[in-house]
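Everything below concerns the one structure shown next.
2 protein chains.
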Amino acid sequence: MKISFNDYISIMIHQTDLTLTSYIKAKLAPLNIAPEQNLILLLLWEKDGLSQNEIAKRLNKDKTNIARMLSNLEKKELISRHINETDGRSFNVYLTEKGIKLGEQVYPITEEFNRTVCSGITSEELQVVNEVLLKMQQNVEMSVK
Amino acid sequence: MKISFNDYISIMIHQTDLTLTSYIKAKLAPLNIAPEQNLILLLLWEKDGLSQNEIAKRLNKDKTNIARMLSNLEKKELISRHINETDGRSFNVYLTEKGIKLGEQVYPITEEFNRTVCSGITSEELQVVNEVLLKMQQNVEMSVK
DNA sequence: CCTTTTTGGTTGCTATAGCAACTAAATATA
DNA sequence: TATATTTAGTTGCTATAGCAACCAAAAAGG
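See the structure below:
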């Protein structure tokens with residue numbers, strides 16, 4: 155019997171991601187930041203001064219996008235880039251005052267988002283989901299090598 | 155204690171989706187179809203003649219993208235659009251011979267992809283993941299209304 | 001029947017997302 | 001130390017993704 159559309163777990167994951175992204179996008183819109191820009195800021199709020207490459211690795215994304223998103227964040231005056239003193243190819247990315255302050259506004263939004271998403275789901279279930287998703291990533295990454 | 159980057163399940167879902175999409179993208183590249191184009195074809199292989207709107211609803215996507223992706227599929231001569239006889243606004247989307255034949259090549263690839271992704275994961279775990287992801291979608295959709 | 005509302009699709013815009021090819025700086029190696 | 005290779009970032013390309021505004025056909029309601 156052929157596997158049908160609804161049987162693919164990857165499609166379920168994809169649809170869920172789109173739904174969640176669309177929701178947080180709307181929540182962040184009043185603050186004039188996009189979801190992926192928010193992810194970069196989230197990293198910087200935890201640890202300032204990362205290089206573009208480090209950000210790309212942490213977000214598991216192509217450095218191309220990171221560079222472009224950082225340009226946008228720079229235009230919005232939320233971050234600034236400074237050439238690394240010991241490596242002339244590399245930039246360190248720092249939050250501006252405005253970028254730091256934005257964090258205080260964003261935090262309650264992402265907090266509430268997380269509560270909404272996880273409502274009615276036990277921590278055991280979340281644990282299973284987390285482990286299974288990690289395993290899936292490892293499965294395809296191993297398959298590539 | 156503040157929630158950190160790695161604690162957000164939505165980020166985990168997003169990263170996993172990117173990893174899986176990137177993998178299937180590479181697998182489908184030799185057949186010259188992109189992952190989302192493949193999703194549309196997957197629907198049509200199951201049921202031919204859907205309208206653009208029906209496709210958008212099944213894929214839970216904006217009709218704008220569907221229209222554009224269908225244009226691409228039309229350029230590749232995999233589908234054709236015919237005006238609905240009883241509703242002059244609507245198009246029915248049909249697979250071409252070429253589109254039907256492509257299905258036979260794609261099926262083993264998506265099958266193997268699914269096996270790779272799910273390897274080492276029990277069906278009970280998959281069941282939990284499926285239910286939790288569905289619940290998360292419902293959580294945010296309820297929150298919007 | 002004629003106006004109003006809804007519905008199916010398109011166009012224009014912005015934001016991801018990643019590949020290929022490139023530049024320039026840093027490192028490794030002959 | 002001169003050459004080769006690797007690394008950090010940019011530019012150009014294609015493909016998603018969804019919002020707003022729009023057009024035209026269909027349906028609803030008076």
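In order, the protein sequence lines correspond to chains A and B.
Position in the first sequence counted from 1, then plus 154, gives you our numbering.
Position in the second sequence counted from 1, then plus 154, gives you our numbering.
Glycine residues also receive a C-beta, built at the ideal position from the N, C-alpha and C atoms.
The model shown is predicted, which means the values in this text are computed figures rather than measured ones.
Q. Quick one: which chain A residues come within Cβ less than 8 Å of G274 (chain B)?
A. K289 and N293
Q) Along the chain, where does the beta strand (DSSP E) that runs through F245 (chain B) open and close? A) F245 to L249
Q.
Please state whether the Cβ-Cβ distance between S297 (chain B) and T270 (chain A) is less than 8 Å.
A. Cβ distance < 8 Å, so S297 (chain B) and T270 (chain A) count as in contact.
Q. In chain B, which residues lie less than 8 Å from T218 (chain A) when you measure between Cβ atoms?
A. Ordered by position in chain B, no residue passes the 8 Å Cβ test against T218 (chain A), which lies about 14 Å from the chain.
Q) In whole angstroms, what is the alpha-carbon distance linking K230 (chain A) and Q191 (chain A)? A) 11 Å
Q.
Check for me: the alpha helix (DSSP H) holding S164 (chain A) runs from which residue to which?
A. For S164 (chain A), the enclosing alpha helix (DSSP H) begins and ends at I163 to L182.
Q: Identify whether I254 (chain A) lies in helix, strand or coil by the three-state DSSP scheme.
A: In the three-state reduction of the DSSP assignment, I254 (chain A) falls in the helix class, which pools H, G and I.
Q. Whole alpha helix (DSSP H) runs in the stretch 180-242 of chain B with 4 or more residues, listed along the chain?
A. 189-200, 206-213 and 217-229
Q) Leaving out the 5 sequence neighbours to the left and right, which residues in its chain are closer than 8 Å to D216 (chain B) when beta-carbon positions are compared? A) A210
Q) If you draw a straight line from the C-alpha of S205 (chain B) to the C-alpha of L197 (chain A), how long is it? A) 43 Å
Q | Contacting positions in the stretch 255-284 of chain A - beta carbon closer than 8 Å to chain B | A | Y261, T264, E265, F267, N268, T270, V271, C272, S273, G274, I275, E279, L280, V282, V283 and N284
Q | Straight-line Cα distance separating I263 (chain A) from F245 (chain A) | A | Each residue's alpha carbon lies about 30 Å from the other.
(Q) Can you find the residues in the same chain that come closer than 6 Å, C-beta to C-beta, to G253 (chain A), ignoring five residues on each side of it along the sequence? (A) L232 and I233
Q) Just checking my contact of N214 (chain B) with Y162 (chain A) at CB under 8 Å: how many whole Å lie between their CB atoms? A) At roughly 14 Å, the Cβ-Cβ gap does not stay under 8 Å, so N214 (chain B) and Y162 (chain A) are not in contact.
Q.
Distance check for G257 (chain B) and S273 (chain B), CA to CA, integer angstroms please.
A. Going by the C-alpha atoms only, they are around 24 Å apart.
(Q) Using a Cβ-Cβ distance cut-off of 8 Å, determine whether N300 (chain A) contacts chain B. (A) Because chain A in this structure spans residues 155 to 299, residue 300 (chain A) falls outside the shown range and cannot be described.
Q: At 9 Å on the CB atoms, spell out the chain B contacts of N207 (chain A), in chain order.
A: Those do not exist, as N207 (chain A) stays about 17 Å from chain B at its closest Cβ, beyond 9 Å.
Q | Pair within 8 Å by beta-carbon distance, V283 (chain A) and V294 (chain B) | A | No, these two residues do not count as a Cβ contact at 8 Å.
Q: Would you tell me roughly how many angstroms separate the C-alpha atoms of T175 (chain A) and P189 (chain A), rounded to the nearest one?
A: Taking the straight line joining both Cα atoms gives about 7 Å.
Q. Exposed or buried, D241 (chain A), counting other C-beta atoms within 10 Å across all chains shown (16 or more means buried)?
A. D241 (chain A) comes out exposed.
Q) Between the beta-carbon of D202 (chain A) and the beta-carbon of I167 (chain B), is there less than 8 Å? A) no
Q: Show which residues of chain A have a CB atom less than 8 Å away from the CB atom of D202 (chain B).
A: Within 8 Å Cβ-Cβ: nothing; D202 (chain B) doesn't reach chain A, min ~14 Å.
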